[in-house]
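Q: My questions will all concern the structure given below.
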Amino acid sequence: MYGAIIGGTGFDRQLGAELLQEVVETPYGAVPLYRGQGALEGLIFLPRHGPEHRIPPHRINYRANLKALAQLGVERVLATFAVGSLHRGIPPGALVTLDQFIDFTQGRVGTFFDGGASGLVHTEMTNPYCPALRAQLLSLASEYDVELAPVGTYVCTDGPRFETAAEVRMYAQLGGDVVGMTGAPEASLARELGLHYAAVALSINWGAGLEEKLRIVRGLEATERALLALFSAVLHQSPLPVKCNCEMSAHVIHPPAE
Ligand code: HPA
Numbered sequence: 007m008y009g010a011i012i013g014g015t016g017f018d019r020q021l022g023a024e025l026l027q028e029v030v031e032t033p034y035g036a037v038p039l040y041r042g043q044g045a046l047e048g049l050i051f052l053p054r055h056g057p058e059h060r061i062p063p064h065r066i067n068y069r070a071n072l073k074a075l076a077q078l079g080v081e082r083v084l085a086t087f088a089v090g091s092l093h094r095g096i097p098p099g100a101l102v103t104l105d106q107f108i109d110f111t112q113g114r115v116g117t118f119f120d121g122g123a124s125g126l127v128h129t130e131m132t133n134p135y136c137p138a139l140r141a142q143l144l145s146l147a148s149e150y151d152v153e154l155a156p157v158g159t160y161v162c163t164d165g166p167r168f169e170t171a172a173e174v175r176m177y178a179q180l181g182g183d184v185v186g187m188t189g190a191p192e193a194s195l196a197r198e199l200g201l202h203y204a205a206v207a208l209s210i211n212w213g214a215g216l217e218e219k220l221r222i223v224r225g226l227e228a229t230e231r232a233l234l235a236l237f238s239a240v241l242h243q244s245p246l247p248v249k250c251n252c253e254m255s256a257h258v259i260h261p262p263a264e
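Be aware that the sequence shown starts at 7, since it is given in the working numbering, and climbs by one per residue.
Printed below as a string of structure tokens:
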């Protein structure tokens, strides 16, 4: 098994005939996903919002999605999502290789370690995205004609509403580069399962207030296609010998009482 691609808005349009749908049962619920065929053999495609794009960001079953991938033997996950740009440095159409996130969501189930039999684990998240996968994306990007901003901080909101202009100003002041609704708790759940996980955000609009009216940019299909080709190339390559902490080694498990 090479790995999995989790996609969101726009990604679904790229899923063609080379895919076989199946449903994976997990302790957290059933997950419809696709197995790649032919040139895409060895890849799993998981549309985050469901096959019909009906599941809003706050209702996505993030735990079931990640657990399904782990059950299938996936070790490496590349995720993509549509975002809004929080400042002028990232115009709509730009792709950003995330290196940090700030999570403003509330009430999403964000852990597999929920006490009781599942225990207590404090997951190490200093660098939330796998450095090996990030390095691999950046080193292959130009070969696939993909322009990637090498770093970026993702702000995650609950949605499904867009931000107010004041919120966009605040998120930018806090160090955010892009804002979306689905990047958390996906990244930390992947880490809890010991999966190598990296994410590339595609900006589809200026954040609220940066233009007179919020406007979604259309016609980014070629960018999405190129990104998917890059993702599958990375997942077909052997992992780079870059050290990472994704496999639980640095987590604090059952810390003793002070
Ligand atoms: N805000 C939040 N999520 C988004 C946006 C945005 O402006 N654009 C795409 N997803």
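Positions of the beta carbon are idealized from the N, C-alpha and C atoms, including for glycine.
Would the beta-carbon of residue 89 be found less than 8 Å away from any heavy atom of the ligand HPA?
A: As a working mapping, residue 89 is identified with position 83 in the sequence shown. True, at least one ligand heavy atom lies under 8 Å from that Cβ.
Q: Consult DSSP for residue 231 and reduce its assignment to one of helix, strand or coil.
A: Translated into the one-based positions of the sequence shown, residue 231 becomes position 225. The answer is helix: DSSP assigns residue 231 an H, G or I state.
Q: Report yes if the C-beta distance between residue 111 and residue 164 is below 9 Å; otherwise report no.
A: On the sequence shown, position 105 is the one that residue 111 refers to. On the sequence shown, position 158 is the one that residue 164 refers to. Yes, the Cβ-Cβ distance between residue 111 and residue 164 is below 9 Å.
Q: Using CA coordinates, which residue listed in 38, 8 and 247 is at the minimum distance from residue 79?
A: Translated into positions along the sequence shown, residue 79 becomes position 73. Residue 8 is the option with its Cα nearest to residue 79.
Q: Three or more C-beta pairs closer than 8 Å, one from the stretch 210–226 and one from the stretch 86–97: is that the case here?
A: Yes: the two stretches touch, three or more of their Cβ pairs being nearer than 8 Å.
Q: Decide yes or no for the touch test of the stretch 110–125 against the stretch 219–228: beta carbon pairs closer than 8 Å, at least 3 of them.
A: As far as the Cβ criterion goes, the stretch 110–125 does not touch the stretch 219–228, which means the pair count is below three.
Q: Measuring only the C-alpha atoms, how far is residue 135 from residue 183?
A: Position 129 of the sequence shown, counted from the start, is the residue given in the question as residue 135. Position 177 of the sequence shown, counted from the start, is the residue given in the question as residue 183. Cα to Cα, residue 135 sits roughly 16 Å from residue 183.
Q: List the residues that DSSP assigns as beta-bridge partners of residue 209.
A: Position 203 of the sequence shown, counted from the first residue, corresponds to residue 209. Residue 209 pairs with 89.
Q: Is it right to say residue 244 is buried, meaning 16 or more other beta carbons lie within 10 angstroms of its own, or is it exposed?
A: As a working mapping, residue 244 is identified with position 238 in the sequence shown. Per the 10 Å Cβ criterion, exposed.
Q: Please state if the CB of residue 84 and the CB of residue 240 are separated by a distance shorter than 9 Å.
A: For the purposes of this step, residue 240 is taken as the residue at position 234 of the sequence shown. For the purposes of this step, residue 84 is taken as the residue at position 78 of the sequence shown. Yes.
Q: DSSP beta-bridge partners for residue 160?
A: Against the sequence shown, residue 160 aligns to sequence position 154. BP columns for residue 160 point to 107 and 184.
Q: Mind pulling the beta strand (DSSP E) runs of 3 or more residues that sit fully within the stretch 23–83?
A: Counting whole runs of 3 or more residues, the stretch 23–83 contains the beta strand (DSSP E) stretches 25–32, 35–42 and 49–53.
Q: Less than 9 Å between the beta carbons of residue 49 and residue 12, yes or no?
A: Sequence index remark: in the sequence shown, residue 49 carries index 43 (1-based). Sequence index remark: in the sequence shown, residue 12 carries index 6 (1-based). No, these two residues do not count as a Cβ contact at 9 Å.
Q: Can we count residue 104 as close to the ligand HPA, meaning its CB is less than 8 Å from some heavy atom?
A: One-based indexing of the sequence shown puts residue 104 at position 98. Outside the cutoff, so no.
Q: Any idea if residue 54 is buried or exposed, counting beta-carbon neighbours within 10 angstroms, 16 or more meaning buried?
A: Numbered from 1 along the sequence shown, position 48 holds the residue referred to as residue 54. The residue in question, residue 54, is buried, as its Cβ has 16 or more Cβ neighbours within 10 Å.
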